[in-house]
């Protein structure tokens, strides 16, 4: 009890506890688990490598339709804000996967501390704030999400940073035109970082509107500007900065893929929301059906209808949805007991999580594994919502020892029955997925090195190589299916032709030239000549042929 008293009276007590807990997790991670490749490494880490080494912000991976539609160079998937963050660490510490891991772990630490200070700003209760931040730190599966190349740790940091600034702004009562400019800048950064943060943006707007109506006199006199002035200024600054950045600062943004299989097959990549707005009624019907049969209903049946490695993600989705729904139902009952900031933050959390998941499920086909990944951006708001509600309930039953005993036993039972098994399975499956991606990346590297040797070509075509490691820098990769005519067109756009084609039997190029390939004849107008076969034993997926750019006399680019 003395220790708890010290924690509750010392302003640095809980931050120190959180730092030590984070440090323990980091050391455990470094000592027990080898550093391997993460998802989308060539997109994020290789781009960061280019920024740190050459000041080159362009993508290291390109898609066929991305070059045809948007030219060269461009940004793939999202603007390089995350890559720039990683580049700062690569520049100072050195280029390695360990540096990238450390950069994401730093973001994880800052997010944890921001959860604490945001909760304390709302509640002025150190114990509750510390417990909420600790809940984020040990949230099932979250600390293993700091593996290389993933954008979620920094995305979660941006989410809770925005929430803290808004809460702090209203706590101080300084709602001025300058505040609107600051908030508009933050919203622009969220959008440019990744559109998945659209829920946070909508949550902030609802937070602003709600607090103007919750706080008496908020829109009259003093340091408060009217809502009719504050909100348009915020949105106007946000839109203006996005326009300036996308028009004059960044290269064109190219979509990595589209979520609609029909569009993918036709190579008609959608620029916004997976093409949901092109045929909204049809898309709404298709995605609603997918959400019902492939996502919602499987959550009712334990262990779910997913493949084994997805079971833990399915369980995560089930508990996440259950607790969130419970929180939404309890919130109106406790509404009058919450502070103005607590109400605003709760509304922001509910509206952000709901709006994101509705938009995402209608625009994208999200299974349980992606449901887990994408909602990691919103877990800081999620734990804040649960912390505010739990703290209010605890305060309500302070003088009811029997009820407190029941809730305590219920909480311990939930930890034993749900939290511990879920955490273990999430951890085990994440490690298995990391091993899978690491093997894929190493296999890609082995195949490419076997044919390129030390030449380090500027461009190679590798349709299934998006986990190619950064050791092959400065090589750039072209992916996605292509025809021979498209390769010729791309070679006219690039500063130099694609040097190597790595073709699997299922690739369009292989199918188009399979007769010539069978006889080892040149393809694509004679400009590419057969080099050899790249076969991985006992794996038909990796049976491929390799062609090298070597035009015969008279063949032009």
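Numbering (our numbering), first residue to last: 301 to 857. Ideal Cβ positions, reconstructed from N, Cα and C, are used throughout, including at glycine. Only a predicted model underlies this, so the values are computations on that prediction, with no experimental measurement involved.
Nearest-angstrom beta carbon gap, residue 511 and residue 644 [assumed within contact, 8 Å]: Right, the Cβ-Cβ distance comes to about 5 Å (below 8 Å), so this counts as a contact.
Nonlocal neighbours in the same chain, by C-beta distance under 6 Å from residue 367, ignoring five residues either side: Cβ within range, chain order: 790 and 793.
The region 689-701 contacting the region 619-636, beta-carbon criterion three pairs below 8 Å: With the cut-off at 8 Å, the region 689-701 and the region 619-636 touch.
Per DSSP, cross-strand counterpart(s) of residue 848: The partner list for residue 848 (beta bridge, DSSP) reads 800 and 829.
Residue 547 versus 847, 492 and 703, residue with shortest Cα-Cα distance: Taking only the C-alpha atoms, the option nearest residue 547 is 492.
Limits of the unbroken beta strand (DSSP E) element including residue 439: Counting along the chain, residue 439 falls outside any beta strand (DSSP E), and DSSP gives it neither H nor E.
Backbone secondary structure at residue 376 - three-state DSSP: Residue 376: strand per DSSP, three-state reduction.
Residue 778, DSSP secondary structure in three states: Strand, per DSSP.
Residue closest to residue 672, alpha-carbon to alpha-carbon, out of 419, 413, 440 and 312: Ranking the options by Cα distance to residue 672, first place goes to 440.
Below-7 Å beta-carbon distance, residue 540 vs any chain E residue: No chain E is part of this structure, which consists of one protein chain only.
Straight-line Cα distance separating residue 469 from residue 694: Each residue's Cα considered, the two are about 27 Å apart.
Buried or exposed (CB count within 10 angstroms, at least 16 for buried), residue 780: Residue 780 should be labelled buried.
Pairwise C-alpha distance: residue 426 and residue 419: Residue 419 and residue 426 have their C-alpha atoms some 8 Å from each other.
Distance, residue 442 Cα to residue 534 Cα: Distance between the alpha carbons of residue 534 and residue 442: 32 Å.
Touch test, the region 403-411 against the region 449-458, Cβ-Cβ under 8 Å, three pairs minimum: Taking a contact to require three or more Cβ pairs closer than 8 Å, the region 403-411 and the region 449-458 qualify as touching.
Residues sharing a beta bridge with residue 762, DSSP: Residue pairing for residue 762: DSSP places it in a beta bridge opposite 802.
Coarse secondary structure for residue 790, derived from DSSP in three states: Looking at residue 790 - three-state DSSP - the assignment turns out to be helix.
Candidates 484, 810 and 333: closest to residue 783 by CA position: Check the Cα spacing between residue 783 and each of 484, 810 and 333: the tightest is with 810.
Alpha-carbon spacing of residue 247 relative to residue 497, whole angstroms: As displayed, the chain neither begins before 301 nor continues past 857, which places residue 247 out of reach and without an answer.
With 16 other Cβ atoms within 10 Å as the buried cut-off, status of residue 521: Residue placement at residue 521 cannot be trusted, given a pLDDT of 49 that sits under 50; the coordinates are not used to answer.
Alpha carbon of residue 808 to alpha carbon of residue 819, nearest angstrom: If I take the Cα positions, the gap works out to 18 Å.
Collapsed DSSP secondary structure at residue 553 in the structure displayed: Residue state for residue 553 is assigned as strand, using DSSP reduced to three classes.
Simplified DSSP assignment, three categories, for residue 406: Of the three classes helix, strand and coil, the one that applies to residue 406 here is helix, per DSSP.
Distance, residue 396 Cα to residue 741 Cα: Separation of residue 741 and residue 396 (C-alpha to C-alpha, rounded to the nearest whole angstrom) is 15 Å.
Cβ neighbours of residue 461 in the same chain (closer than 7 Å, five flanking residues each side left out): Exclusion of the five residues before and after residue 461 leaves 414 as the residues of its chain whose Cβ lies within less than 7 Å of its Cβ.
Contained beta strand (DSSP E) runs [length at least 3] in the region 620-704, N- to C-terminal order: The region 620-704 contains no whole beta strand (DSSP E) run of 3 or more residues.
Beta-carbon proximity check, residue 799 vs residue 847, cutoff 7 Å: In this structure, residue 847 does not lie closer than 7 Å to residue 799 by Cβ.
Any 3 or more C-beta pairs closer than 8 Å across the region 356-367 and the region 475-494: Remark: fewer than three beta-carbon pairs, one from each stretch, lie closer than 8 Å, so the region 356-367 and the region 475-494 are not flagged as touching.
Range of the contiguous beta strand (DSSP E) that encloses residue 363: In the DSSP assignment, residue 363 falls within the unbroken beta strand (DSSP E) covering 361-363.
Reduced DSSP secondary structure (H/G/I, E/B, other) of residue 393: DSSP places residue 393 within a helical segment (H, G or I) once states are collapsed to three.
Status (buried if at least 16 other CB within 10 Å, exposed otherwise) for residue 354: It is exposed - the Cβ of residue 354 has fewer than 16 other Cβ atoms within 10 Å.
Proximity below 7 Å, CB of residue 400 to CB of residue 386: The beta carbons of residue 400 and residue 386 sit closer together than 7 Å.
Residue 350 burial status per 10 Å Cβ neighbour count (16 or more: buried): Counting of Cβ neighbours within 10 angstroms places residue 350 among the buried residues, the total reaching 16 or more.
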